[in-house]
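In this text, residue positions in the sequence shown follow UniProt numbering: the first is 1, and each later residue adds one. Below: the structure, in structure tokens.
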Amino acid sequence: MQRTCIDAMPLLRQNMGMKHEHTGNFYVRSVPLRGTALHIAAGVIAFGAAFTGGTHAVHAQPAEACVVHRVDGDATISARGAGSHVATPGLGIGRNATLSTGADTRVTLTCPDGLEVVLGPDSTLTVSGLLDGAERPFGLRLMDGIAGFLFGKTGGDGVQVRTPSAVAAVRSTEWAMRVQDRATAVFARDGFVFVGASDQTVMLKPGDGIDVTNTGEPGSIKQWGQGRIDMFATLLGPDW
């Protein structure tokens, strides 16, 4: 089966995997309940669609792309040089393109290594693809809104997700992140999540959450109440 995949010109490859210079940057890494910790690199990673000279290419899903599985509401995929396109099931999202959702919209993506991503309402997500070669983690960026992540038990090299105030690396776990006014909230539904800022490192267990300010300062770890968990679940919908 062939799919249409929006591709774009590569953007500043040197930005990937570089250490972020802001000392207030916030770090998250997540590992399964049974598994090996995945180290994280500070900086900014993108999650979205890729472009090839601003033209469409039809080919099998590459390892650097996600595919739209379900759309509930209005969403668009855009990238520099390729314009904006309505997000529809079966459309591939490659490197350096951005998926944006409207109010009361949810989009479910299938990505490499068994990763599923659910993007909630009023959210913006961009795809980096593979970082520094095929043996590196898949890179994503959540710039605003909320996203839930579901990783299969064989999570491959994992995924790195960055926000304006956080960076996360995960394998074989279920978790969510929400960005509001550049601040980040992280919730671990399954698996362990390690969070570090400056010289501090903490670990989230299942049911734990943490809030990080827009300057990258983490708050205290708390077992989230059912009300806040339900709010995340409502925003993300039944696919998460």
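The C-beta atom is built at its ideal place from N, Cα and C for all residues, glycine as well.
- Taking a cut-off of 8 Å for Cβ pairs, the segment 109-126 and the segment 201-213 do not touch, as fewer than three such pairs fall below it.
- Look at the beta carbons and you see the segment 214-234 not touching the segment 93-100: under three pairs across the two are nearer than 8 Å.
- The continuous beta strand (DSSP E) containing T101 extends over residues T98 to T101.
- Between W240 and G139 the beta-carbon gap is near 21 Å, outside 8 Å, which marks them as no contact.
- DSSP, read as helix, strand or coil, puts G209 in strand.
- At a Cβ-Cβ threshold of 7 Å, D190 and N214 do not count as neighbours.
- A direct Cα-to-Cα measurement between S128 and G73 gives close to 25 Å.
- Taking 7 Å as the cut-off, the Cβ atoms of G120 and G145 count as close.
- According to the DSSP assignment, L235 belongs to the alpha helix (DSSP H) that extends over Q226 to L236.
- Inclusion of G152 and P137 in the CB contact set at 7 Å is not warranted, their separation being larger than that value.
- Of all alpha-carbon atoms in V71, V193 and E174, the one lying nearest the alpha-carbon of A233 is that of E174.
- Under DSSP, the beta-bridge partners assigned to S84 are S78.
- For S78, the closest alpha carbon among the candidates L91, P218 and R70 is that of L91.
- Counting along the chain, the unbroken beta strand (DSSP E) around I146 starts and ends at F138 to F151.
- Taking a 10 Å sphere around the C-beta of T88, we find fewer than 16 other C-beta atoms and assign the residue as exposed.
- Contact between T108 and R70 holds, with the beta-carbon distance rounding to 4 Å and staying under 8 Å.
- P112 sits in a helix when the DSSP states are folded into three classes.
- The distance from the Cβ of A166 to that of T184 is about 4 Å, consistent with a contact at the 8 Å cut-off.
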